[in-house]
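Below: the structure, in structure tokens.
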Amino acid sequence: MIEIKVNEQILPEQLATVFTASGIKRPVDDIERMEQMLQHANLLITAWDGEKLVGVARSLTDYSYCCYLSDLAVDQHVQAKGIGRALIEETKKQIGNNVTLILRASNVAMDYYPKVGFELVDNCYIIQKKA
18 MIEIKVNEQI LPEQLATVFT ASGIKRPVDD IERMEQMLQH ANLLITAWDG EKLVGVARSL
78 TDYSYCCYLS DLAVDQHVQA KGIGRALIEE TKKQIGNNVT LILRASNVAM DYYPKVGFEL
138 VDNCYIIQKK A
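So in the working numbering, the last one in the sequence shown is 148, and the numbering has no gaps at all.
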């Protein structure tokens with residue numbers, strides 16, 4: 018049985034492991050950067066299979082107007098079991114109905130997000146990172 022936890026402290030190595038297991042592209046070899054990603058996120062929803070971290074939704078939010086769901090990652094061995102949906106639903110529960118949930122999808126996940134309630138918008142701009 019999968020357990021969903023809110024703001025459960027995890028190690029940067031655990032975050033890197035679930036990113037790798039999910040196939041999401043993140044700087045998993047840079048543990049210091051993983052630590053910073055955890056330190057500066059203010060909403061972390063995790064999915065656990067016993068003692069094993071199998072999913073994470075890492076967000077930055079003001080809890081008032083918007084929430085950026087920066088990372089949604091689920092171990093490929095347990096994908097298609099509703100874990101991603103549960104992580105999104107708990108994120109929505111934590112931020113409330115007055116907050117817009119925003120994310121930037123990878124090209125391989127474009128078909129997934131409409132299935133879990135996201136709407137594709139075309140009024141977004143980005144300045145790409147240098148590294």
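Virtual Cβ for every residue (Gly too), placed ideally from N, Cα, C. None of the values given here were measured: they were computed from a predicted structure.
Can you list, in chain order, the residues of its chain with a C-beta nearer than 6 angstroms to that of ALA90? Leave out the 5 residues immediately preceding and following it.
VAL35, PHE36, SER39, ILE41, VAL73
Mind reading off the beta-carbon distance from LEU70 to THR63? Whole number of angstroms is fine, and I expect it under 8 angstroms.
6 angstroms
What does DSSP give as the partner residues of LYS22 in its beta bridges?
THR63
Taking all protein chains shown into account, do 16 or more other C-beta atoms lie within 10 angstroms of the C-beta of SER76, making it buried, or fewer, making it exposed?
buried
Round the Cβ separation of SER87 and ALA58 to the nearest angstrom and send it over; I've been treating them as touching at under 8 angstroms.
7 angstroms
Measure the C-alpha to C-alpha separation of GLN53 and ASN24 and round it to an integer number of angstroms.
15 angstroms
Could you check what DSSP says for LYS69 in three-state terms: helix, strand or coil?
strand
Could you tell me how far apart the beta carbons of LEU104 and ILE21 are, in whole angstroms, since I believe they sit closer than 8 angstroms?
7 angstroms
Measuring only the C-alpha atoms, how far is LEU137 from ARG121?
10 angstroms
How far does the beta strand (DSSP E) with VAL91 in it reach, from first residue to last?
83-91
Determine the burial state of ALA97: buried for a count of at least 16 other Cβ atoms within 10 Å of its Cβ, exposed for fewer.
exposed
Beta-carbon separation of VAL95 and ASP128 under 8 angstroms?
no
Taking the alpha-carbon of ILE112 as reference, which of VAL45, GLN31, GLU68, LEU60 has the nearest alpha-carbon?
LEU60
Can you give the Cα-Cα distance for ILE19 and PHE135, rounded to whole angstroms?
23 angstroms
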